[in-house]
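Notes follow the structure.
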Amino acid sequence: WGSLGHETVAYVASNFVAAGTQELFQTLLYNETSSYLANVATWADSFRYTAAGRFSAPFHFIDAEDNPPTSCGVTYSRDCGEKGCVVGAILNYTSQVMNTTLDSYTRNMAAKFVVHFLGDIHQPLHDEGLDVGGNTVLVTFGGVKTNLHHVWDTNMPEKLIGGYTLTDAEKWAEILTTAITSGIYQSLAADWLDGIDLADPVATALAWAEEANAFVCTTVLPNGVDAIDGQELDGDYYQAAIPVIQIQIARAGYRLARWLDLIAQAVN
Ligand code: DCM
Ligand code: DCM
Ligand code: DCM
Ligand code: ZN
Ligand code: ZN
9 WGSLGHETVA YVASNFVAAG TQELFQTLLY NETSSYLANV ATWADSFRYT
59 AAGRFSAPFH FIDAEDNPPT SCGVTYSRDC GEKGCVVGAI LNYTSQVMNT
109 TLDSYTRNMA AKFVVHFLGD IHQPLHDEGL DVGGNTVLVT FGGVKTNLHH
159 VWDTNMPEKL IGGYTLTDAE KWAEILTTAI TSGIYQSLAA DWLDGIDLAD
209 PVATALAWAE EANAFVCTTV LPNGVDAIDG QELDGDYYQA AIPVIQIQIA
259 RAGYRLARWL DLIAQAVN
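For the sequence shown, the tail end lands on 276 under the working numbering, and the numbers increase by one without skipping.
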């Protein structure tokens, strides 16, 4: 996701975490405001473009070697490369946040990675290897040349909300929070937490990756790459994608809240 998506995931999570969780993460992140998660949600994207952070670039995705739209699926042993992937990164950085013998610099960085990677794993094209996660599929959106990955990360969320400021993210998060507590997601949200197991972060994250990757076959590439190659996607394609983007941001935020709650329970 772009900054709007990541910050919205973070705000949704802040709306659901327990008081003790908020306290722990405000301390780890040196931020006592209500934006303590949103303010660090895009840090991992800046870090990966620095020399010191290059190692973390593969941690933002898992390149499923499936065959959409015929066959979708994620396998840890097959798809998590030797340089790492988002599933392994969630495992490693979750363990670092919980390790109170580590220094606060390391745990601060780990907390920022966890907030970011739970967002990215819910973007369908971050769980797909085809055409470098859609990066080499050239399309237009509103007449502007871009690529399929960027359309999902940024163009479609920003068209929906009309901007990408922190305030835009906060507003979108309020809408999704209401949908979870009393709206279209109310009957579904409890199931979103099924299978969450802090003792098995790989199984937990793989289930999230599988669920997001399934949308590559149904919604991202329903008729294959050739059907959208060079096409304008601001039309029927956008209309079909929006419900998927909305539910994936909502799920990511709700699950991030529970994941941070479980971490805080284990640490406190
Ligand atoms: N980005 C950045 N610096 C750059 C290029 C991109 O911070 N030089 C950010 C903005 C994009 C985001 O990276 O929206 C995409 O990364 P990801 O989907 O891994 O979060
Ligand atoms: N950004 C974004 N959507 C845009 C333009 C920029 O998410 N349409 C992000 C990418 C950069 C950050 O905002 O990381 C700052 O962008 P800028 O330098 O364009 O203000
Ligand atoms: N990306 C991905 N899968 C890949 C490579 C990259 O999901 N195999 C994502 C990470 C960024 C975006 O695509 O969100 C652009 O990546 P980069 O800036 O590394 O080209
Ligand atoms: Zn991306
Ligand atoms: Zn990322």
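Heads up, the beta-carbon is just placed ideally off N, CA and C, and yes, glycines get one too.
Determine the burial state of residue i: buried for a count of at least 16 other Cβ atoms within 10 Å of its Cβ, exposed for fewer.
| i | result |
| --- | --- |
| Pro259 | In the sequence as presented, Pro is not what sits at residue 259; that position holds Arg. Classification for Arg259: buried. |
| Asn75 | exposed |
| Val152 | exposed |
| Pro251 | exposed |
| Leu268 | buried |
| Phe149 | buried |
| Ser190 | exposed |
| Ala97 | buried |
| Asp111 | exposed |
Measuring straight from C-alpha to C-alpha, what distance separates residue i and residue j?
| i | j | result |
| --- | --- | --- |
| Gly61 | Ile188 | 35 Å |
| Ala177 | Glu73 | 33 Å |
| Ile257 | Pro77 | 23 Å |
| Gly141 | Val17 | 21 Å |
| Gln34 | Thr41 | 8 Å |
| Asn231 | Leu32 | 46 Å |
| Tyr57 | Ala65 | 8 Å |
| Gly243 | Gln273 | 45 Å |
| Leu239 | Asn143 | One point to set straight first is that residue 239 is Gln, not Leu, in the sequence displayed. For Gln239 and Asn143, the distance between alpha carbons rounds to 15 Å. |
| Glu136 | Ala215 | 14 Å |
| Val224 | Phe55 | 28 Å |
| Leu156 | Leu229 | 10 Å |
| Leu201 | Ala220 | 15 Å |
| Gly203 | Asp71 | 23 Å |
| Asn39 | Tyr84 | 35 Å |
| Gly28 | Gly170 | 34 Å |
| Thr114 | Phe63 | 15 Å |
| Ser43 | Gly261 | 14 Å |
Assuming contact is defined by CB atoms lying nearer than 8 Å, are residue i and residue j in contact in what I supplied?
| i | j | result |
| --- | --- | --- |
| Ile271 | Thr102 | yes |
| Arg263 | Leu126 | yes |
| Val147 | Leu12 | no |
| Val95 | Ala265 | no |
| Asp139 | His68 | no |
| Thr154 | Val275 | no |
| Ala46 | Leu174 | yes |
| Ala198 | Asn23 | no |
| Val20 | Ala217 | no |
| Val233 | Val105 | no |
| Cys80 | Ala222 | yes |
| Gly10 | Tyr172 | yes |
Counting only C-beta atoms, is residue i closer than 8 Å to chain D at any point?
| i | result |
| --- | --- |
| Val159 | Looking at the structure shown, chain D is missing, and only one protein chain is on hand. |
Could you round the C-beta distance between residue i and residue j to whole angstroms and report it? I think they count as a contact, below 8 Å.
| i | j | result |
| --- | --- | --- |
| Tyr246 | Lys179 | Rounded, the Cβ-Cβ distance is 20 Å, inconsistent with contact. |
| Leu99 | Val210 | 5 Å |
| Leu37 | Asn116 | 6 Å |
| His14 | His158 | About 14 Å; that fails the 8 Å criterion. |
| Ala249 | Thr227 | 6 Å |
Item to check | Check your reading: residues with Cβ closer than 6 Å to ligand 6 heavy atoms | outcome: In the structure shown, ligand 6 is absent; the only ligands present are ligand 1, ligand 2, ligand 3, ligand 4 and ligand 5.
Checklist entry - Are the segment 157-171 and the segment 81-89 touching by the rule of at least three beta carbon pairs closer than 8 Å? => result no
Checklist entry - With contact counted as at least three CB pairs below 8 Å, one residue from each stretch, are the segment 112-122 and the segment 39-56 in contact? => result yes
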